[in-house]
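Quick notes on the structure that follows.
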Amino acid sequence: MKRPRLLLADDHKIVLEGLRGILEPEFEIVGAVEDGCALVAEAERLSPDVVVADISMPGLNGMDAARQIKKMDEQIKIVFLTMHSDVSYAAGAFDAGASGFVLKHSAPQELITAIREAMQGRTYVTPMIAGELIGSYKNGNLRAAGSSAALSPRQREVLQLLADGKSTKEIGALLNISNRTAEFHKYRMMEQLKIKTSAELVQYAVKHGLITT
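Counting in my numbering, the sequence shown runs from 179 upward without gaps.
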């Protein structure tokens, strides 16, 4: 029987190596990357069955990477493995198209279960937050982290890089756009979000789960 093909993404090499040890007996690991931009590129190149990704990664966070991957290929399943236990992150993950949400301090078998469930077309939420997540949805008081609904995908990329400490010149080079275009995106975001400084933009990124501190 053909083993499911997995692509791993985490910005800590020790985590990636640990995941290999846990998952290789049952799954084929076709690749491992350390940032969101590389994740999108490798997902397009390798067409894995399942992506196992962290949420907080440099360049492009896991949620925005997930959106791009699902837009590119809806058949790719995405399971998030993260330290973020706040239900708003789980909501953001599922809004981005995830099939599973597992916490890093969960037992290894839980991640394997989540991947199996994803392969069967089902959704898995760690029991540690499942009850709270359902209750929050029922009460209608849940705001998804990382959704940034008012921003375009390109704006979210620029915001992520600004939050990573990049200048507009560096952002232009990384995204293959001009410095002037990068500045336009920055100031357009400030206008849309009614934010006056770059520091407030970074605070916005933290608040909405685009980066962590």
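Glycine is no exception: its CB is placed at the ideal position from the N, C-alpha and C atoms.
From the options, residue whose alpha carbon lies closest to that of residue i
i, options, result
"residue 250", "184, 222, 275", "222"
"residue 180", "205, 267, 254", "205"
"residue 261", "232, 245, 224", "232"
"residue 330", "245, 240, 194", "245"
"residue 310", "302, 265, 349", "265"
Residue i versus residue j - alpha carbon distance
i, j, result
"residue 198", "residue 286", "11 Å"
"residue 308", "residue 228", "22 Å"
"residue 263", "residue 382", "19 Å"
"residue 203", "residue 215", "28 Å"
"residue 209", "residue 354", "25 Å"
"residue 372", "residue 296", "39 Å"
Where residue i falls, given that 16 or more other Cβ within 10 Å makes a residue buried
i, result
"residue 305", "exposed"
"residue 375", "exposed"
"residue 300", "exposed"
"residue 391", "With a pLDDT of 48 at residue 391, under the threshold of 50, the predicted position of this residue should be treated as unreliable, though the coordinate-derived value follows. Result: exposed."
"residue 356", "exposed"
"residue 220", "buried"
"residue 332", "exposed"
C-beta contact flag for residue i and residue j at 9 Å
i, j, result
"residue 364", "residue 384", "no"
"residue 242", "residue 338", "yes"
"residue 257", "residue 279", "yes"
"residue 185", "residue 289", "no"
Near the ligand ATP: residue i beta-carbon under 8 Å from a heavy atom
i, result
"residue 303", "Of ligands this structure carries none, so the ligand ATP is not represented either."
Residues bridged to residue i [DSSP beta-bridge criterion]
i, result
"residue 206", "183"
"residue 260", "281"
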